[in-house]
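Everything below concerns the one structure shown next.
Residue numbers (this note's numbering): 15 to 347.
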């Protein structure tokens with residue numbers, strides 16, 4: 015059911031976008047039908063034969079195919095980049111959970127802060143790609159100091175990545191983390207930056223305007239000449255026929271335009287809110303697992319300390335009663 019409503023919403027957006035141009039071409043077709051009643055000197059079929067030309071139809075079809083393929087490739091690249099972000103955040107959170115031991119009371123809070131920074135990175139990336147300012151959505155995951163710096167930074171997710179690297183450096187300096195484990199975490203952080211850079215490349219590199227403008231001009235010429243080839247067969251119905259054909263051609267072009275920027279707020283764009291929601295749930299489960307592990311570690315440590323103290327001060331808590339001394343039992347030589 016949700017799929018049906020999403021499809022209906024996306025189609026309604028495309029229809030609203032192409033409706034003014036469709037009405038314009040339909041009105042032009044009705045004007046041609048009106049003048050056709052007076053039998054003008056110019057044979058309309060001569061002008062309309064241009065739309066039935068194989069070369070014209072072939073060029074228009076190829077341009078539409080290339081347009082949609084290029085737009086769909088950008089859409090897939092954006093989804094792949096967010097797939098990289100999701101995978102690397104999960105991997106890095108797992109490495110932080112397993113690799114860094116909680117040998118001090120401060121480390122549980124430091125690890126939780128570091129894990130929350132990963133969620134803040136994902137949310138800040140979403141807002142950055144949508145070209146929105148930092149909202150209250152980040153208040154739960156970032157400290158006030160980092161929030162102030164993100165509001166002033168031109169690239170908030172990059173600023174958060176610096177804090178992630180800084181916290182990793184501070185924690186690993188006081189922990190028995192091997193160089194191999196440090197390299198693994200640094201590579202995962204670098205992959206996060208790679209995903210961010212890929213999304214920025216898609217956002218700042220639109221389809222060449224010359225290509226898009228030429229395609230739209232060709233669609234306009236085709237739709238303007240189309241009534242002349244249909245007027246003899248359809249007469250007053252030519253306006254409806256032109257409206258249907260124009261809506262198909264303009265709809266394909268509009269789909270390409272919407273897929274060119276997959277990071278917007280339309281229903282046809284990438285569901286970044288849902289992706290960030292899944293990242294939040296994954297990190298929250300990791301934080302809860304860390305808390306349970308820390309609790310069990312503290313319990314085992316306290317039990318160990320209590321046992322050691324009891325053994326030290328009372329080495330034999332249940333001593334065996336000794337036999338009373340009897341000098342008569344001594345056998346002297």
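Ideal Cβ placement from N, Cα and C applies to all residues, glycine included.
No experiment lies behind these values; they were computed from the predicted model shown.
Does the distance from the CB of residue i to the CB of residue j come in under 8 angstroms?
i, j, result
"residue 142", "residue 169", "yes"
"residue 98", "residue 208", "yes"
"residue 276", "residue 92", "yes"
"residue 210", "residue 32", "no"
"residue 255", "residue 244", "yes"
"residue 27", "residue 282", "yes"
"residue 262", "residue 46", "no"
"residue 43", "residue 241", "yes"
Roughly how many angstroms lie between the CA atoms of residue i and residue j, to the nearest whole one?
i, j, result
"residue 52", "residue 248", "16 angstroms"
"residue 222", "residue 41", "31 angstroms"
"residue 174", "residue 111", "19 angstroms"
"residue 303", "residue 147", "33 angstroms"
"residue 131", "residue 220", "31 angstroms"
"residue 152", "residue 201", "25 angstroms"
"residue 4", "residue 96", "Residue 4 falls outside the range modelled here, since the chain spans only 15 to 347, and no answer is possible."
"residue 246", "residue 39", "18 angstroms"
"residue 233", "residue 129", "52 angstroms"
"residue 157", "residue 76", "53 angstroms"
"residue 84", "residue 287", "25 angstroms"
"residue 50", "residue 79", "34 angstroms"
"residue 154", "residue 212", "27 angstroms"
"residue 127", "residue 216", "31 angstroms"
"residue 149", "residue 291", "16 angstroms"
"residue 177", "residue 183", "10 angstroms"
"residue 260", "residue 144", "31 angstroms"
By a C-beta neighbour count over all protein chains shown, 10 Å radius and 16 as the cutoff for buried, is residue i buried or exposed?
i, result
"residue 273", "buried"
"residue 197", "exposed"
"residue 35", "buried"
"residue 135", "buried"
"residue 37", "exposed"
"residue 171", "buried"
"residue 270", "buried"
"residue 138", "buried"
"residue 18", "For residue 18, the predicted model reports a pLDDT of 43, less than 50, meaning its position is unreliable; a value from the coordinates is still stated below. With fewer than 16 other Cβ atoms within 10 Å, it is exposed."
"residue 299", "exposed"
How many whole angstroms separate the CB atoms of residue i and residue j, which I take to be in contact at a CB cut-off of 8 angstroms?
i, j, result
"residue 229", "residue 81", "6 angstroms"
Within the 8 angstroms Cβ cut-off, does residue i reach chain C?
i, result
"residue 198", "This model lacks chain C altogether, as it is built from one protein chain only."
Next on the checklist: To test your reading of the DSSP string, which unbroken alpha helix (DSSP H) runs of 4 or more residues are found completely within the stretch 90-139?
Outcome noted: none
Next on the checklist: At 4 residues or longer, what runs of the alpha helix (DSSP H) sit wholly inside the stretch 169-199?
Outcome noted: 170-187
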